[in-house]
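Worksheet: the structure to be examined is printed underneath.
Number of protein chains: 2
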Amino acid sequence: MLTIGNLAKKTGTKVQTIRYYEQIGLMPEPGRTEGGQRRYGDAELDRLSFIRHSRQLGFSLDAIRELLDLSDHPEKSCDEADAIARRQLRQVEQRMARLKALRTELKRMIHECSGGRTADCRVLEVLRDHSECLTEHDDIGA
Amino acid sequence: MLTIGNLAKKTGTKVQTIRYYEQIGLMPEPGRTEGGQRRYGDAELDRLSFIRHSRQLGFSLDAIRELLDLSDHPEKSCDEADAIARRQLRQVEQRMARLKALRTELKRMIHECSGGRTADCRVLEVLRDHSECLTEHDDIGA
DNA sequence: GCTTGAATCTACAGTAGCTAGAGGATGTAA
DNA sequence: TTACATCCTCTAGCTACTGTAGATTCAAGC
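Here the protein sequences line up with chains A and B, keeping their order. Numbering of the first sequence is given in our numbering, commencing with residue 46 and proceeding in unit increments. Numbering of the second sequence is given in our numbering, commencing with residue 46 and proceeding in unit increments.
Below, the structure written as structure tokens:
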């Protein structure tokens with residue numbers, strides 16, 4: 046039986062975050078000691094690990110909730126999980142493309158920008174320039 | 046002269062977001078009509094475009110503020126811009142690494158998960174499994 | 001010139017996903 | 001049994017927006 050602090054350590058989560066997940070219904074209400082402290086078992090450790098890894102991979106709590114629901118009801122088709130994954134993959138690839146462009150620009154800036162003044166520096170222009178914007182106006186959010 | 050609505054359209058920003066940027070000092074207070082409505086010129090369009098593109102690339106508003114400050118004071122040495130650029134480059138590369146890992150995982154998920162049922166689907170297990178967690182416990186935040 | 005309706009205004013509340021702090025209770029090891 | 005780390009609840013704060021209410025303004029059509 047794990048205390049909330051140990052569960053936190055094992056999963057790299059803050060204690061408050063675990064309580065927050067419980068509050069919003071992502072984690073179940075755990076058993077308690079006589080004195081009212083939370084105690085966790087392996088099932089909860091697995092569930093929290095899943096949540097944390099998903100978060101690290103960029104899933105929103107809503108997407109995670111969807112996946113956990115699938116996991117809780119395995120009779121459903123996998124197509125649903127697949128759709129979620131595909132959605133996330135599209136977002137990930139968009140982000141990577143943008144970051145790649147930025148990285149190129151930052152590298153050039155660092156290279157060219159040695160003892161000059163900001164006025165000669167094109168980084169700001171690059172990101173300001175509309176013509177260099179390929180994937181215009183798509184969403185930012187996770 | 047652009048209305049706030051047209052500026053919003055041109056930059057893919059919500060009207061409220063523009064007002065929010067003004068409120069926190071990222072965007073300057075624009076000129077107003079007699080009736081009190083905001084009117085924007087090209088300088089503001091450029092500035093907002095820069096902000097939006099930077100946000101799309103994952104920069105925090107604070108980082109953007111730094112870059113804009115440099116742009117607003119081109120008499121400063123480029124060393125400062127260089128330092129910021131280097132810092133950002135590090136962040137960008139970290140992000141790309143994480144996204145790359147995610148992309149691999151999502152692709153594998155989609156590949157393995159074809160027409161089966163959730164019970165057979167390893168997506169949930171993969172993310173739950175501690176042993177497959179390589180980059181354990183690193184931060185998530187932007 | 002007048003009307004109409006979309007767009008704007010301010011102000012405030014709500015969202016996601018946490019994070020921090022106060023003030024007090026509990027658990028455990030020496 | 002005492003010290004003190006950890007736990008509890010509750011509340012507030014954070015970033016970066018987003019939405020709503022109710023009033024005002026602008027521009028186009030008649």
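Using N, Cα and C, we set each Cβ at its ideal position, and we do this for glycine too.
Across the segment 70-102 of chain B, CB contacts with chain A closer than 8 Å involve D91, R92, S94, F95, H98, S99, R100, Q101, L102, in sequence order along the chain.
Following the DSSP letters along the chain, one finds B/G50 inside the alpha helix (DSSP H) bounded by residues 49-56. Of all residues in the segment 133-144 of chain A, the ones placed with a Cβ closer than 8 Å to any Cβ belonging to chain B are Q133, L134, V137, E138, R140, M141, R143, L144, in chain order. The segment 133-145 of chain A makes contact with the segment 144-154 of chain B: 3 or more CB pairs, one atom from each, lie closer than 8 Å.
Between A/R100 and A/T56, the gap from beta carbon to beta carbon reaches 7 Å or more. Straight through space, the alpha carbons of A/Q61 and B/A128 are spaced by roughly 35 Å. Per DSSP, B/S94 is one residue of the alpha helix (DSSP H) stretching across 87-101. Going by beta carbons, A/P75 and A/Y66 fall outside the 7 Å limit. Judged by their CB atoms, A/A126 and B/L151 are not nearer to each other than the 7 Å cut-off. Residue environment analysis places B/I109 among the buried positions, since at least 16 neighbouring C-beta atoms fall within 10 angstroms of its C-beta. Under the DSSP assignment, B/I63 falls in the alpha helix (DSSP H) whose first and last residues are 60-68. Residue contact check for B/M154 against chain A: a CB pair falls below 7 Å. Residue pairing by DSSP places B/G76 opposite B/R84 in a beta bridge. In the DSSP annotation of this structure, the continuous segment of the alpha helix (DSSP H) that includes B/L112 starts and ends at 106-117.
Within the model, the alpha-carbon separation for A/K54 versus B/S116 is close to 43 Å. Nearest C-alpha to A/D87 among A/L112, A/A142, A/M141, A/N51: A/N51. Listed along chain A are L134, V137, E138, M141, each with a C-beta nearer than 8 Å to that of B/R148. The Cβ atoms of A/R83 and A/I49 sit closer than 7 Å to each other. Here DSSP, grouped into helix, strand and coil, assigns B/L71 to coil. For A/M46, the secondary structure class from DSSP, reduced to helix, strand or coil, is coil. For B/L52, the closest Cβ of chain A is not nearer than 7 Å. Think of a sphere of 8 Å around the beta carbon of B/A108: no beta carbon from chain A falls inside it, the nearest being about 12 Å out. Ranked by Cα distance from B/F95, the options B/D114, B/T78, B/G80 are led by B/D114. Ranked by how close their Cα comes to the Cα of A/R77, the residues A/L90, A/R140, A/L47, A/L71 have A/L47 in first place.
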